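Here the protein sequences line up with chains X and S, keeping their order.
Mapping of the first sequence onto full-length UniProt numbering: residues 1 to 190, in sequence order.
Mapping of the second sequence onto full-length UniProt numbering: residues 1 to 190, in sequence order.
There are 2 protein chains.
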Amino acid sequence: MYSAAMSTADRLVESTRELLWERGYVGTSPKAILERAAAGQGSMYHHFKGKQDLALAAIRRTADEMTATAESVLSRPGTPYERIEAYLLRERDVLRGCPVGRLTMDPDVIASDALRAPVDATIARIRQRLADVVEEGRQQGQFAADLDAEEIASAVVATVQGGYVLARASGSPAAFDAGVRGLLALLRPA
Amino acid sequence: MYSAAMSTADRLVESTRELLWERGYVGTSPKAILERAAAGQGSMYHHFKGKQDLALAAIRRTADEMTATAESVLSRPGTPYERIEAYLLRERDVLRGCPVGRLTMDPDVIASDALRAPVDATIARIRQRLADVVEEGRQQGQFAADLDAEEIASAVVATVQGGYVLARASGSPAAFDAGVRGLLALLRPA
DNA sequence: GTCTATATCTGGATAGAC
DNA sequence: GTCTATCCAGATATAGAC
Numbered sequence: 001m002y003s004a005a006m007s008t009a010d011r012l013v014e015s016t017r018e019l020l021w022e023r024g025y026v027g028t029s030p031k032a033i034l035e036r037a038a039a040g041q042g043s044m045y046h047h048f049k050g051k052q053d054l055a056l057a058a059i060r061r062t063a064d065e066m067t068a069t070a071e072s073v074l075s076r077p078g079t080p081y082e083r084i085e086a087y088l089l090r091e092r093d094v095l096r097g098c099p100v101g102r103l104t105m106d107p108d109v110i111a112s113d114a115l116r117a118p119v120d121a122t123i124a125r126i127r128q129r130l131a132d133v134v135e136e137g138r139q140q141g142q143f144a145a146d147l148d149a150e151e152i153a154s155a156v157v158a159t160v161q162g163g164y165v166l167a168r169a170s171g172s173p174a175a176f177d178a179g180v181r182g183l184l185a186l187l188r189p190a
Numbered sequence: 001m002y003s004a005a006m007s008t009a010d011r012l013v014e015s016t017r018e019l020l021w022e023r024g025y026v027g028t029s030p031k032a033i034l035e036r037a038a039a040g041q042g043s044m045y046h047h048f049k050g051k052q053d054l055a056l057a058a059i060r061r062t063a064d065e066m067t068a069t070a071e072s073v074l075s076r077p078g079t080p081y082e083r084i085e086a087y088l089l090r091e092r093d094v095l096r097g098c099p100v101g102r103l104t105m106d107p108d109v110i111a112s113d114a115l116r117a118p119v120d121a122t123i124a125r126i127r128q129r130l131a132d133v134v135e136e137g138r139q140q141g142q143f144a145a146d147l148d149a150e151e152i153a154s155a156v157v158a159t160v161q162g163g164y165v166l167a168r169a170s171g172s173p174a175a176f177d178a179g180v181r182g183l184l185a186l187l188r189p190a
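Shown next, in the form of structure tokens:
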């Protein structure tokens, strides 16, 4: 199921990442994790304190990966508008939803400061990075001078997160694309 | 806990609606529903076939209520922009999230066509109603002629749904408001 | 219609052998 | 480090009494 070179601890984290993405925290049981990782109970409780501790390791890894992907796309060459466009149009597994954002709908994640922290940090960092790009475009005159960069960045992130909701509700990625195109049309420089 | 005039079946549905909102489908147990409704096992299995059947009744009721609220706000007097603004700014329990949209992150809801159907129908209907308003504004010249009404409507709904994600991640409704203000700034007629 | 009793399975964790 | 055995509570449902 995983590369033979992967340690048991790593297999446990990877299985947990997948299951958190597919089923969320409350929907993921230790048993399911162990089966997917082909590991026994003993291994899990040797490497991690329990379900929450393992989930925290998994969430951190996913959060770091997503932050890196976003930073990378937004640092590519191009005008501010083009970079935001690239962020919005980057390839996504739309129907699976956002592996970080979906955790905000999980009651046990929201109830735990430790589990929520990496989720909050990831979204805040991407939003800030987007705000920097918007501000740059504003200074250059590509965007209207009276726009608030932080607010536009929030709208961009929200459109992405909400796009997943639309897509999953309708069972089709088209709904995500429609929202993104709508936002880009409003943002497009004249 | 509920009005004494409320039937056992109604109490069960209301309890389920609350719990689905707070914890989602996978996070809600029949036991928790029964405790909140002050009902016994027998009542639940007499009135409903099981957890899924009860959840379906609860989701339908919530979906109908949300559709009615949206239609009502969007039908108020005012220019198209003002009506969209009213929809975006209407009072919301932001940190609790959207009782319909949150269900799209629930694996068991998405896996069941029966449970997903009312979620899909609600979002599609609100989006269509918004598209009609946008189209009206476009015809009147309040919005740019080259905008696609359906796409703008998708962006509006996505911003709301994604706004809940931002708010819950940060633990503050301010993040929702920022996204909404950003979108309104982009949409605002000159 | 509602109650209690019961059944079976899973959730989440511990204990101790190897 | 990993395994198996075991634990107790909860999830979901059925049976049958009242």
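Note that CB positions come from ideal geometry on N, CA and C, so glycine has one too.
A quick note: this is a predicted structure, and the numbers were derived from the prediction, not measured.
Interface flag, residue i vs chain X, CB-CB below 8 angstroms
i, result
"residue 80/S", "no"
"residue 83/S", "no"
"residue 187/S", "yes"
"residue 170/S", "yes"
"residue 201/S", "With chain S covering 1 to 190 only, the question about residue 201/S has no answer from this structure."
"residue 23/S", "yes"
"residue 157/S", "yes"
"residue 124/S", "yes"
"residue 154/S", "yes"
"residue 179/S", "yes"
"residue 40/S", "no"
"residue 104/S", "yes"
"residue 120/S", "yes"
Rounded separation between residue i and residue j - CA only
i, j, result
"residue 47/X", "residue 37/X", "13 angstroms"
"residue 96/S", "residue 100/X", "18 angstroms"
"residue 84/X", "residue 15/S", "43 angstroms"
"residue 55/X", "residue 108/S", "20 angstroms"
"residue 21/S", "residue 24/X", "15 angstroms"
"residue 68/S", "residue 7/X", "54 angstroms"
"residue 113/S", "residue 44/S", "23 angstroms"
"residue 49/S", "residue 53/X", "37 angstroms"
"residue 143/X", "residue 155/X", "15 angstroms"
"residue 19/X", "residue 115/S", "21 angstroms"
Neighbourhood of residue i by C-beta distance below 7 angstroms, restricted to the same chain and skipping five residues each side
i, result
"residue 94/S", "164, 167, 173, 176"
"residue 118/X", "59, 60, 63"
"residue 76/S", "83, 86"
Any C-beta of chain S under 8 angstroms from that of residue i
i, result
"residue 150/X", "yes"
"residue 50/X", "no"
"residue 137/X", "no"
"residue 115/X", "no"
"residue 107/X", "yes"
"residue 175/X", "yes"
"residue 161/X", "yes"
"residue 10/X", "no"
"residue 33/X", "no"
DSSP-derived helix/strand/coil call for residue i
i, result
"residue 186/S", "helix"
"residue 77/S", "coil"
"residue 107/X", "helix"
"residue 148/X", "coil"
"residue 93/S", "coil"
"residue 40/X", "coil"
"residue 143/X", "coil"
"residue 5/S", "coil"
"residue 171/S", "coil"
"residue 48/S", "coil"
"residue 99/S", "coil"
"residue 112/S", "coil"
"residue 122/X", "helix"
Cβ-based neighbour list, residue i, same chain, cut-off 8 angstroms, excluding 5 preceding and 5 following
i, result
"residue 149/S", "131, 132, 134, 135, 138"
"residue 169/X", "175"
"residue 186/S", "none"
Residue nearest to residue i in terms of C-alpha spacing, selected from the options
i, options, result
"residue 104/X", "109/S, 98/S, 64/S", "98/S"
"residue 27/S", "22/X, 161/X, 31/X, 106/X", "106/X"
"residue 161/S", "42/S, 88/S, 151/S, 75/S", "88/S"
"residue 141/S", "39/S, 79/S, 114/S, 102/S", "79/S"
"residue 191/X", "123/X, 147/X, 185/X", "Because chain X spans 1 through 190 in this model, residue 191/X falls outside it and cannot be assessed."
"residue 51/S", "81/S, 12/S, 72/S", "12/S"
"residue 190/X", "171/X, 81/X, 40/X", "81/X"
"residue 65/X", "9/X, 147/X, 125/X, 188/X", "125/X"
"residue 151/X", "181/S, 171/S, 188/S", "181/S"
Cβ neighbours of residue i in the same chain (closer than 6 angstroms, five flanking residues each side left out)
i, result
"residue 153/S", "127, 130, 131, 134"
"residue 159/X", "179, 183"
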